[in-house]
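Residue numbering for the sequence shown follows my numbering, starting at 71 and increasing by one per position. The C-beta atom is built at its ideal place from N, Cα and C for all residues, glycine as well. This structure is a prediction, so every number in the text was calculated from the model and none was measured. Inspection log for the structure reproduced underneath, given as structure tokens.
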Amino acid sequence: MTRHGDRWGLRASALFDGCALHRGRPLVVVEGDRIADVDLSGADPSSDLPVADLGDATVLPGLVDSHAHLTFDPHGDVPSQMREESDDFLRALARRHARQALDAGITTVRDLGDRGYVCTEVRDSKDEELPEILVAGPPITRTGGHCWFLGGETDGVDGLVAAVRERARRGVDVVKIMATGGMLTPQWDSHESQYSREELAAVVRTAHAEGLPVTAHAHGLQGLADAAGAGVDGVEHCTFLTETGAVPDWATIEALCDAGTFIGVEEARLPGDDTLLPARIRRMLEARGEYLTQMSRAGARVVGCSDAGINPRKPHDVLPYGVISFAHFGFSTAEALASVTETAAHACGVGDRKGRVTAGYDADLLVVAGDLSRGLEGLLNVTSVVRAGREVRSGTGERLPIGTN
Ligand SMILES: [Zn+2]
Numbered sequence: 071m072t073r074h075g076d077r078w079g080l081r082a083s084a085l086f087d088g089c090a091l092h093r094g095r096p097l098v099v100v101e102g103d104r105i106a107d108v109d110l111s112g113a114d115p116s117s118d119l120p121v122a123d124l125g126d127a128t129v130l131p132g133l134v135d136s137h138a139h140l141t142f143d144p145h146g147d148v149p150s151q152m153r154e155e156s157d158d159f160l161r162a163l164a165r166r167h168a169r170q171a172l173d174a175g176i177t178t179v180r181d182l183g184d185r186g187y188v189c190t191e192v193r194d195s196k197d198e199e200l201p202e203i204l205v206a207g208p209p210i211t212r213t214g215g216h217c218w219f220l221g222g223e224t225d226g227v228d229g230l231v232a233a234v235r236e237r238a239r240r241g242v243d244v245v246k247i248m249a250t251g252g253m254l255t256p257q258w259d260s261h262e263s264q265y266s267r268e269e270l271a272a273v274v275r276t277a278h279a280e281g282l283p284v285t286a287h288a289h290g291l292q293g294l295a296d297a298a299g300a301g302v303d304g305v306e307h308c309t310f311l312t313e314t315g316a317v318p319d320w321a322t323i324e325a326l327c328d329a330g331t332f333i334g335v336e337e338a339r340l341p342g343d344d345t346l347l348p349a350r351i352r353r354m355l356e357a358r359g360e361y362l363t364q365m366s367r368a369g370a371r372v373v374g375c376s377d378a379g380i381n382p383r384k385p386h387d388v389l390p391y392g393v394i395s396f397a398h399f400g401f402s403t404a405e406a407l408a409s410v411t412e413t414a415a416h417a418c419g420v421g422d423r424k425g426r427v428t429a430g431y432d433a434d435l436l437v438v439a440g441d442l443s444r445g446l447e448g449l450l451n452v453t454s455v456v457r458a459g460r461e462v463r464s465g466t467g468e469r470l471p472i473g474t475n
């Protein structure tokens, strides 16, 4: 594995720093596992600094996928897999999927639902050949509810309070609760609420007392309103489903904007035949595409994520496709990129050290060929991935061409 000296530089024609695109041969200086300096002046660095000059390329923060399922095999049947496979098997699968994500430039992954807390051990291995991993453990769900097979079945306020405390004891990074039904579990329809606003509020109160954020899986219109009313820190999906269709509820959107709630939008999927999707889901996704840009312009903190693992069009390296979709919906290049870097890092509670290219932040970097302002498809053309200051993937098969000026 490539190992660079203690202090080295990376220069390319463009840099996205987490907020804005810069041109004019910006230089990023890495020292150990941190970014030491970012120089936008285009000036030559001191002659003793080894610098990899990548020419027509864009340097950006390593991507953050705030919603993935590392233990899910996208080509498998998740419910039966979760009932049958051993913890060791799922852990090995999680490691393989995490590595697949890293090779695409995803340097931080938040797992929003495993079985038996198996991802916690993968996180705790602190393996720098993997992305940084954050975990939720088994999502909390009502008895027989969405993803019950992950083992998080809990009913009533007392049960919910106990479930949150158990997750705190287990050292999770976030509490995930299924506020509504979902696609993977036909027994409970996606638009139906699984908990009352009071129950969700008890979860939020208990989690916050433990110092943990809460994110709520919420498709249904009422479930979203209740999650917002309960004060969750994030919502996942945000599709505003009713029995008959999907209708954005602007009162809830306004409440989510005012509270600064993160809105995870799992738009990333491989290109494919959308007409094969069930008609209801297709209509739901089309409707969301229409109101997403409007929501973002209204101040919503939209986070691009993947829900990787749930079906064959969602492998664990799929996140860049979501960024490309956001641009097609009308997001600017910087808005689309921020949704998987700076905003996503804040959604995951690591915004003080990830998601930006700036001095003092972790040296988790992605380099892609070309200038991304010419098209976000460039994200698929990975030149190099740097994790904690070390190059862990080279797209060209050759290590970063570091030379001294
Ligand atoms: Zn999910």
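- Short of 6 Å from the beta carbon of residue 99, and not among the five residues preceding or following it, lie these beta carbons of its own chain, in chain order: 79, 106, 107.
- The DSSP-derived three-state label of residue 306 is strand.
- Set against 7 Å, the gap from the CB of residue 146 to the closest heavy atom of ligand 1 is not smaller.
- With contacts defined by Cβ atoms closer than 8 Å, residue 458 and residue 439 do not form a contacting pair.
- Relative to ligand 1, residue 137 has its C-beta within less than 7 Å of a heavy atom.
- For the options 455, 163, 129, 369, the alpha carbon positioned closest to that of residue 144 is the one of 163.
- Runs of the beta strand (DSSP E) spanning 3 or more residues and lying entirely within the region 355 to 382 occur at 371 to 374, in chain order.
- A direct Cα-Cα distance of roughly 39 Å separates residue 444 from residue 312.
- Per DSSP, the unbroken alpha helix (DSSP H) holding residue 270 starts and ends at 267 to 279.
- According to DSSP, residue pairing for residue 334 in a beta bridge involves 306, 373.
- Taken through DSSP and simplified to helix, strand or coil, residue 79 comes out as strand.
- Check the Cα spacing between residue 236 and each of 219, 282, 199: the tightest is with 282.
- Linking residue 128 to residue 157 through their CA atoms gives a straight-line distance of about 40 Å.
- By the neighbour-count definition (other C-beta atoms within 10 Å, threshold 16), residue 343 is an exposed residue.
- Of the candidates 321, 377, 366, 377 places its Cα closest to the Cα of residue 339.
- With a cut-off of 7 Å, the C-beta of residue 377 is classified as near ligand 1, since at least one heavy atom of the ligand falls inside that distance.
- In the structure shown, the three-state DSSP call for residue 142 is coil.
- In the three-state scheme derived from DSSP, where H, G and I count as helix and E and B as strand, residue 228 is classed as helix.
- Secondary structure in the region 142 to 187: the alpha helix (DSSP H) runs of 4 residues or longer, each lying completely within the stretch, are 148 to 154, 157 to 173 in chain order.
- With fewer than 16 other beta carbons inside 10 angstroms of its own, residue 346 counts as exposed.
- Beta-bridge annotation (DSSP): residue 415 is not paired with any residue.
- Residue 111 sits in coil when the DSSP states are folded into three classes, being neither helix nor strand.
- Looking at the backbone, the Cα of residue 263 and that of residue 422 are separated by about 34 Å.
- Contact annotation: the region 131 to 150 touches the region 374 to 390, with at least three C-beta pairs closer than 8 Å.
- DSSP places residue 212 outside both helix and strand once states are collapsed to three, so it counts as coil.
- Only residues of its own chain outside the window of five on either side were considered, and among them 132, 201, 434, 457 have a CB closer than 6 Å to the CB of residue 177, listed in chain order.
- Beta bridge pairing from DSSP links residue 131 with 435.
- Within the same chain, and ignoring the five residues on either side of residue 172 in sequence, the residues whose Cβ sits closer than 8 Å to its Cβ are 199, 200, 201, 455, 457, 462, 463.
- Taking non-hydrogen atoms of ligand 1 into account, the C-beta of residue 304 is found less than 7 Å away from none of them.
- Between the C-alpha atoms of residue 161 and residue 469 there is a straight-line separation of about 30 Å.
- Each residue's CA atom was taken as its position, placing residue 153 and residue 229 some 23 Å apart.
- Relative to ligand 1, residue 182 has its C-beta within less than 7 Å of a heavy atom.
- Ranked by Cα distance from residue 124, the first of 296, 81, 85 is 81.
- For residue 399, the enclosing alpha helix (DSSP H) begins and ends at 389 to 399.
- A straight line joining the alpha-carbon of residue 130 with that of residue 138 spans about 21 Å.
- Note on geometry: alpha-carbon atoms of residue 193 and residue 420 lie some 14 Å from one another.
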